[in-house]
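Oh and the sequence shown: position 169 is 168 in numbering that gives the first Met the number 0, straight run, nothing missing.
Where a beta carbon is used, it is the ideal one built from N, C-alpha and C, also for glycine.
None of these values were measured; they are calculated from a predicted model.
The structure appears below as structure tokens.
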Amino acid sequence: MDGNLSIEGVRVVLAPFGKRHLDDPDYLSWLHDYEVVKTIGRPEYLTKVSYEEVADYVRTVTESPNDLFYAIHLRDGDGFVGTAKAGHIDRQAGIADIGVMIGSRSNWGQGLATDALGALCGHMFAQAGMRKLTCGIMANNPAMVRVFEKLGFRREATLRRQIPFEGDFLDHILLGCFAEEYDAKRTGT
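Right under this line is the structure:
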């Protein structure tokens, strides 16, 4: 599994996340935008994280043999619009957890998350040899649940009132998808 390769979608390209992405002022501004981070399941980002904290996270993820971290770029114009990650990769079990963040609000609602996740799923199943992909989504993000369901993911569990949020607790929705489910959804069979 090579985290140094780019992955191509229809409208996006997932490029290995590097220093140029970390140093892009848009990246830190996304992580300081409450509307962007309130649904990504990283409660520590609900307060303004420092560049150093983000750099530590990026270093940990990019140096880990069990994580792949990508910058999402538009195919036309190379605009950096978000990130995608495959994490907790268990090669023996053939399982990985995936997620996406479209940080550029001007690009919300354009299907870029679906395209990026579809490209990442295709890579993780076909090239990386995973048999199952999973994700966890906060209940206040029903649009992302629909994105994953479009790709063949199915709800496997709901952890009730699991994630602290704005003085209350939200459900954490867990979804999973096997390679054959993804292929069936992708090919319409």
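By how many angstroms is the C-alpha of residue j removed from the C-alpha of residue i?
i, j, result
"Ile-101", "Gly-17", "17 Å"
"Leu-21", "Val-57", "8 Å"
"Asp-55", "Glu-62", "11 Å"
"Ala-14", "Asn-3", "8 Å"
"Met-123", "Ala-115", "12 Å"
"Arg-185", "Ile-162", "32 Å"
Please confirm whether residue i and residue j have their CB atoms less than 8 Å apart.
i, j, result
"Gly-117", "Gly-8", "yes"
"Ala-85", "Ile-71", "no"
"Thr-133", "Leu-169", "no"
"Val-53", "Leu-27", "yes"
"Gly-40", "Met-137", "yes"
"Asp-25", "Ser-103", "yes"
So which of the options has the shortest CA-CA distance to residue i?
i, options, result
"Ser-49", "Leu-73, Gly-151, Ala-138, Leu-30", "Leu-30"
"Val-12", "Asp-25, Tyr-69, Leu-45, Ile-39", "Tyr-69"
"Gly-76", "Arg-10, Gln-126, Ile-88", "Arg-10"
"Ser-5", "Gln-126, Glu-155, Lys-47", "Gln-126"
Enumerate in chain order the residues of its own chain whose CB-to-CB distance from residue i is below 6 Å, with the five nearest sequence positions on each side excluded.
i, result
"Ile-94", "Lys-131"
Please return the same chain residues whose Cβ sits closer than 8 Å to the Cβ of residue i, not counting the five positions on each side in sequence.
i, result
"Ala-112", "Gly-81, Val-99, Ile-101, Met-143, Val-146"
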